[in-house]
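Enquirer: The structure's right below; bear with me while I get my questions together.
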Amino acid sequence: MQFFISFLAGILLFHTFQYFPLSSVIAISFFSVYFSIKKKFFPILILFLGTAFAFARYEPVKYLPAIKNNVNVVGAFDSPAVMIESGMFRQTLKAESALDTETGRKLKALEGREIVLLSDIELRPCTEYDLDIKFLKKRARLNPGEWNQDKLFAKLLKINNWKQRRISFNSKIQEFRYRLNRYIAENFRDDSGAFIASITTGQRVNIDEELRDAFNRTGLAHILSISGTHFGLFSVLLFWVFRFLITALPYRILQRITISLTPSQAAAILCTPFMIVYLGLSGGTIPAVRSFIMISLFLLGLVIGRRGFWLNSLLFAAFVIALWEPEAIFDLSFQLSFLAVLFIGFSLNKDTEEREKGPVIEKKISQYIRKFLDHLKNILLLTLSASIGTAPLVANHFHYFSIISPLSNLFIAPLIGFVLIPLSVISSFLFLLTGHYLFTPFVSTLADLSIYLIRLSAEFPFADIKIPAFPSIVVLLFYGGFIFYLLLNRRRYFLIIPFVPLAIYLLLSLSKGKEINITYLDVGQGDSSVLELPDGKTIVIDTGRSGREAASFLKYRGKDSIDALILSHSHPDHTGGLSYLLNRFDVKEIWDNGRLILPDNTISDIKHRSLVKGDMLEGTKYAIYILHPYPEFYTMYGNDYDEANNDSLVLKIAGRKKTFLFTGDIEEEAEKEVLQLGRWLKSDVIKVPHHGGKTSSYEPFLKAVSPGIAVISVGRDNSFGHPHKETLDALKGAKIFRTDIDGATKIKEAEKGLEIKTYTDLQISKARSLSDEMKNISRLFETW
């Protein structure tokens, strides 16, 4: 055990050294001194071996400049294509070589990189292609709550050449996965097919967001990822089938077999090839590899007549994965998978000890009832242990805690685990061998029933608790507290240690006073802002083009409702995400300028207000004033597009001492009109109109506002040239924040003035000095 822990610690410390060098050196020194005092030098050697191994395998991220020209790339696909929408397919290409088609220059930074290719045709896996592609704009959004994966997206332009690679075990497995996924997609309903594919081949791309949320709310998200549940049930089923077949053999054959092996040992050996194939079908994800290793060790224990300790098996699995990919220990699925098994293992181990020491159940209770109660207790204990063990990490990343999880795992999980998974996996194997999916009607019915029950459970009131983001240090201290609990002989009263940081943070959060808190989101070339007001209300001003960024941020802040959704004007970069937000949040009111046409079926149950100049809405410690437009205002110049811009709502939000101006996309004509308001325009913060375009840089208007802070919502490398130089020049004297550079920007009214925080301010970066490390440490204690 010490070998595995020391090696993994060495990998961890190598990577943390880049961000916390002094802290890492102190940790290594403490580790070395502790084991030196105990005269155990082997763990120290292994620690440095792990560090050296991580260093040898470390590959710095290659800088990739913006690629505007078409690119010729040669590479292969390791996995089958997945249909996404509008008949388009998505597939990951591993590039072997690439060059700029116009200049002929080799693009070495692309060699070895994965490119997500979008095309209107399926390209076969394990086939080498020569393609012309066009890179799409980077889709990263710099907002709290969004996962920004460094993925490259491209569109297929032309296939120049292709050739089938030499047939290998991997290529054969990928061919099987391709055939199986295609059959499932064509013969099951969309939701059921996506669900069945996730539990048999590990393909989860086709599971829509609404269904994922239902799995999350019910605490059944683990079923979508092939892991211990799937491998465990499949291996048990295979083991008993093979054991039954072996014991049913004629006596003479059985006698010959049992000279060397017991029926259990023979069954364990026969299970192994099927487990390997299932691992291949699953796509080789981290939870699947971990589960495969642990099940294989268990089967090996049966073969050699010795059962290994569960903790050693778990650590060995982590060790093997780290050997394959050292940075995998920072992968969220790795962490959740291992934490769940770790806490289940400790709880069951403890439960066994307690049952051995506890009183004997009264004889009046029958043996069957006692077994049932024990089984029920173990299921609940298993679910609660996994939920508690992963709760801080889940809450920190996904911002919820499932309350209904014990019940859904008690009643729905057995239906999926003991019936649906075995039937779907057996049918998949038979399909690959014979071309016939044997249990199609049963699998389809069970999948439909499971999804229905999951959706129904997710709709229960208080199925989950929304949790706002909290500092990373709380998570670290929680798991650090459990380490102390385990080191202190797991005495019950020490179990309070991990929960102390959570309680302290909760008390500090409740004691904070509430003020106006405005976040200007990075939505690309569009607008969306979230206002959190002193009376606890949440207002969203504009949705951006998709609404996804606003939804992710609201989820990050633990919100499930929107008190008012304000639409400044009709253009899709401000209102395009309306349906997305309405489908995911309880929107109580919609406010607009009275010139939008909203579908009746969209807002039939929502209060609708058309605001005009002169309207005022008051709340605790704040007021909202409407400065524009009024019913008689019409644009004199320009086209319909300009007219919609000039019709934008102009809002002024006044706090206790500071004021914030939202201007939509008004242009010069509307700016001249609102100039009549004189001193009413004066504001401390302005959301610059029309993304900083030159048609919205009327200097007298900006002078009348005279902001100390200006926020420009603008897309990176946009084709409009926003923000324009004229606008930036007119804003001289104001502190300018741009969502394309700074990411999301939060401005909060505080006792001493305005507190400003940007997305980039919260990001931990590589430390090149002690001050950099201190900044990184302080960021562990911060949240948005």
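For the sequence shown, the positions run 581 to 1364 when this note's numbering is used. Positions of the beta carbon are idealized from the N, C-alpha and C atoms, including for glycine.
1) Name the DSSP bridge partner or partners of E1112?
2) How about F811 and S876: are their beta carbons less than 7 Å apart?
3) In three-state DSSP terms, what is A1130?
4) DSSP state of S586, grouped into three classes?
5) Quick one: what's got a C-beta closer than 6 Å to K944's C-beta in the same chain, skipping five residues either side?
6) Who are the Cβ neighbours of I849 in its own chain at under 7 Å, not counting the five residues just before and after it?
7) Under 7 Å Cβ to Cβ from I1077, same chain only, skipping five residues before and after it: list those, please.
8) Can you tell me whether P1021 is buried or exposed, with buried defined as 16 or more other CB within 10 angstroms of its CB?
9) So, with DSSP's three-state summary, where would you put Y980?
10) Determine which residues share a DSSP beta bridge with W1171 and list them.
11) For L588, I'd like the list of residues in its chain whose CB is within less than 8 Å of its CB, leaving aside the five on either flank, ordered along the chain.
12) Please work out which residues of its chain come closer than 8 Å, Cβ to Cβ, to D1264, disregarding the five sequence neighbours upstream and downstream, and give them in chain order.
13) Per DSSP, V921 forms a beta bridge with which residues?
14) On the DSSP letters alone, give me the boundaries of the alpha helix (DSSP H) that E1253 sits inside.
15) Among G1106, F1242, I1246, P1002, which residue has its Cα nearest to the Cα of F819?
16) With C-beta atoms as the reference, is L1261 less than 7 Å away from V1291?
17) Name the two residues that bound the continuous beta strand (DSSP E) containing M1196.
18) In three-state DSSP terms, what is V1230?
19) Compute the Euclidean distance between the alpha carbons of A1043 and V974, then round it to the nearest angstrom.
20) Between which two residues does the alpha helix (DSSP H) harbouring H1154 extend?
21) Over the uninterrupted alpha helix (DSSP H) stretch that includes G773, give me the two end residues.
22) If you count every other CB in all the chains shown that lies within 10 Å of the CB of R1071, and 16 or more means buried, which is it?
23) So, with DSSP's three-state summary, where would you put S1286?
24) Please classify A1083 as buried or exposed, where buried requires at least 16 neighbouring CB atoms within 10 angstroms.
25) Under 6 Å Cβ to Cβ from G863, same chain only, skipping five residues before and after it: list those, please.
26) Could you pull the start and end residues of the beta strand (DSSP E) that E1329 belongs to?
27) Under three-state DSSP, which class holds D1222?
28) Using only the alpha-carbon positions, how far apart do P1303 and T683 sit?
29) By DSSP, does T838 sit in helix, in strand, or in coil?
30) With distances taken from CA atoms, which of L1026, V1268, E1212, F1165 is nearest L1231?
31) Going by beta carbon distance, what residues of the same chain come within less than 6 Å of N1198, once the five residues before and after it are set aside?
32) Just tell me which of S699, L698, D700, A675 has its CA closest to the CA of L690.
33) Using CA atoms only, rank isn't needed, just tell me which of Q845, I873, L1282, S840 is closest to I856.
34) Alpha carbon to alpha carbon, how far is A1224 from E708?
35) What residue ranges within the stretch 979-1055 form continuous alpha helix (DSSP H) runs of no fewer than 4 residues, ordered along the chain?
36) Kindly list the residues whose CB is nearer than 8 Å to the CB of L1176, restricted to its own chain and excluding five residues on each side of it in sequence; keep chain order.
Expert: Checking against the coordinates, here is how it stands:
1) Position 532 of the sequence shown holds residue 1112. The partner list for E1112 (beta bridge, DSSP) reads N1097, T1118.
2) In the sequence shown, counting from the first residue as 1, residue 811 sits at position 231. In the sequence shown, counting from the first residue as 1, residue 876 sits at position 296. No, Cβ-Cβ distance for F811 and S876 is not below 7 Å.
3) Taking the first residue of the sequence shown as position 1, residue 1130 is located at position 550. Reduced to three states, the DSSP call for A1130 is helix.
4) Within the sequence shown, numbered from 1, the residue matching residue 586 stands at position 6. Correct three-state label for S586: helix.
5) Counting from 1 along the sequence shown, the entry for residue 944 is found at position 364. Caution applies to K944, whose pLDDT of 46 falls short of 50 and renders its modelled position unreliable; the value that the coordinates give is listed next. Nothing listed; no residue qualifies.
6) As a first step, residue 849 is located in the sequence shown; it is residue number 269 there, counting from the start. The answer, listed in chain order, is V883.
7) If you number the sequence shown from 1, residue 1077 lands on position 497. Correct list, in chain order: G1061, F1064, Y1065.
8) Within the sequence shown, numbered from 1, the residue matching residue 1021 stands at position 441. Here P1021 is exposed, its C-beta having fewer than 16 other C-beta atoms within 10 Å.
9) To locate residue 980, count along the sequence shown from 1; it is residue 400. Three-state DSSP puts Y980 in a strand.
10) Residue numbering aside, residue 1171 sits at position 591 when the sequence shown is read from its first letter. For W1171, which the question treats as bridged, DSSP gives the partners I1146, R1189.
11) Working through the sequence shown from its first residue, we reach residue 588 at position 8. If the five residues before and after L588 are omitted, its C-beta is found closer than 8 Å to the C-beta atoms of G630, L895, A898, F899, A902, I909, all from its own chain and listed in chain order.
12) Sequence index remark: in the sequence shown, residue 1264 carries index 684 (1-based). The answer, listed in chain order, is K1238, T1239, F1240, P1287, G1288, I1289, L1334.
13) Residue mapping note: residue 921 aligns to position 341 of the sequence shown, counting from 1. The partner list for V921 (beta bridge, DSSP) is empty, contrary to what the question assumes.
14) Start at 1 with the first residue of the sequence shown, and residue 1253 comes out as number 673. E1253: member of the alpha helix (DSSP H) spanning 1248-1254, first to last residue.
15) Position 239 of the sequence shown holds residue 819. Checked all of G1106, F1242, I1246, P1002; the closest Cα to F819 is P1002.
16) The residue given as residue 1261 occupies position 681 in the sequence shown. The residue given as residue 1291 occupies position 711 in the sequence shown. Contact: no.
17) Translated into the one-based positions of the sequence shown, residue 1196 becomes position 616. Unbroken beta strand (DSSP E) run through M1196: 1196-1199.
18) Residue 1230 sits at position 650 when you count from the first residue of the sequence shown. DSSP, read as helix, strand or coil, puts V1230 in strand.
19) For the purposes of this step, residue 1043 is taken as residue 463 along the sequence shown, with counting starting at 1. For the purposes of this step, residue 974 is taken as residue 394 along the sequence shown, with counting starting at 1. Taking the straight line from one Cα to the other gives about 15 Å.
20) In the sequence shown, residue 1154 corresponds to position 574, counting from 1. Counting along the chain, the alpha helix (DSSP H) containing H1154 begins and ends at 1152-1155.
21) Position 193 of the sequence shown, counted from the first residue, corresponds to residue 773. Membership of G773 in the alpha helix (DSSP H) is indicated by the continuous run 770-780.
22) Stepping through the sequence shown from its first residue, residue 1071 is reached at position 491. R1071 should be labelled exposed.
23) As a first step, residue 1286 is located in the sequence shown; it is residue number 706 there, counting from the start. Reduced to three states, the DSSP call for S1286 is coil.
24) Residue mapping note: residue 1083 aligns to position 503 of the sequence shown, counting from 1. It counts as exposed.
25) The sequence position of residue 863 within the sequence shown is 283, counting from 1. Result list for G863: G782, in chain order.
26) Counting from one through the sequence shown, the residue named residue 1329 turns up at place 749. Looking at the DSSP string, the run of the beta strand (DSSP E) that includes E1329 is 1325-1330.
27) Position 642 of the sequence shown, counted from the first residue, corresponds to residue 1222. DSSP, read as helix, strand or coil, puts D1222 in helix.
28) In the sequence shown, the residue the question calls residue 1303 occupies position 723. In the sequence shown, the residue the question calls residue 683 occupies position 103. Using only the alpha carbons, I get a separation of about 30 Å.
29) Counted from its first residue, the sequence shown places residue 838 at position 258. Secondary structure at T838: helix, using DSSP grouped into helix, strand and coil.
30) The residue you call residue 1231 lines up with position 651 of the sequence shown. Taking each of L1026, V1268, E1212, F1165 in turn and checking the Cα distance to L1231, the smallest one comes out for V1268.
31) What you label residue 1198 is simply residue 618 of the sequence shown in a count that begins at 1. Per the sequence shown, residue 1198 should be read as Glu rather than Asn. Taken in chain order, the list of residues that qualify is empty.
32) Looking up residue 690 in the sequence shown gives position 110. Taking the Cα of L690 as reference, the smallest distance to any Cα among S699, L698, D700, A675 is reached at A675.
33) Residue mapping note: residue 856 aligns to position 276 of the sequence shown, counting from 1. Nearest of Q845, I873, L1282, S840 to I856, Cα basis: I873.
34) Stepping through the sequence shown from its first residue, residue 1224 is reached at position 644. Stepping through the sequence shown from its first residue, residue 708 is reached at position 128. Rounded to the nearest angstrom, the two C-alpha atoms are 50 Å apart.
35) Within the stretch 979-1055, the complete alpha helix (DSSP H) runs of at least 4 residues are 985-991, 1001-1014, 1020-1038.
36) Mapped onto the sequence shown, residue 1176 falls at position 596. Beyond the five residues adjoining it in sequence on each side, L1176 comes within less than 8 Å, by CB distance, of L1147, H1149, S1150, T1155 in the same chain, given in chain order.
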